[in-house]
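Before any comments, here is the structure.
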Amino acid sequence: MSKKPLELEEGGVATDTRKKVKRPPLFKVLLHNDDYTTQDFVVFILKAIFHHTDEMAFQIMMHVHTRGVGIAGLFPYETAEAKMNQVHTLARDNDFPLKCSIEPE
94 MSKKPLELEE
104 GGVATDTRKK
114 VKRPPLFKVL
124 LHNDDYTTQD
134 FVVFILKAIF
144 HHTDEMAFQI
154 MMHVHTRGVG
164 IAGLFPYETA
174 EAKMNQVHTL
184 ARDNDFPLKC
194 SIEPE
């Protein structure tokens, strides 16, 4: 990233006019429990799509299993939507009704 040169104001004072870039808002990607999707498949989804470790994927899966819903990750909107679509596609391709949703953080 190249730096923008300092500009001289009237009177010869140098000012830095760079603007701060605001981070995009994050969205939670949620997995919802159902009575048909296997725990092994949920762990697989968490590892393959969300890149969680074995241990973290298992912990999230158990949270989803016991509480009905759990956070798979936090992402900017476009990434969250893409991951949700990946979950739905992979679940349908494997004949599971796994539901995934997104909501603002």
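Here the numbering used here is used: position 52 in the sequence shown is 145, and no number is missing along the way.
Even glycine gets a Cβ: it sits at the ideal position worked out from N, Cα and C.
Taken through DSSP and simplified to helix, strand or coil, L191 comes out as coil.
Contact between the segment 144-154 and the segment 167-183 is not established, with fewer than three Cβ pairs separated by less than 8 angstroms. Within the DSSP secondary-structure output, F120 pairs in a beta bridge with F168, P197. Here V114 carries a coil assignment [DSSP, helix/strand/coil].
Under the three-state reduction of DSSP, H158 is assigned to helix.
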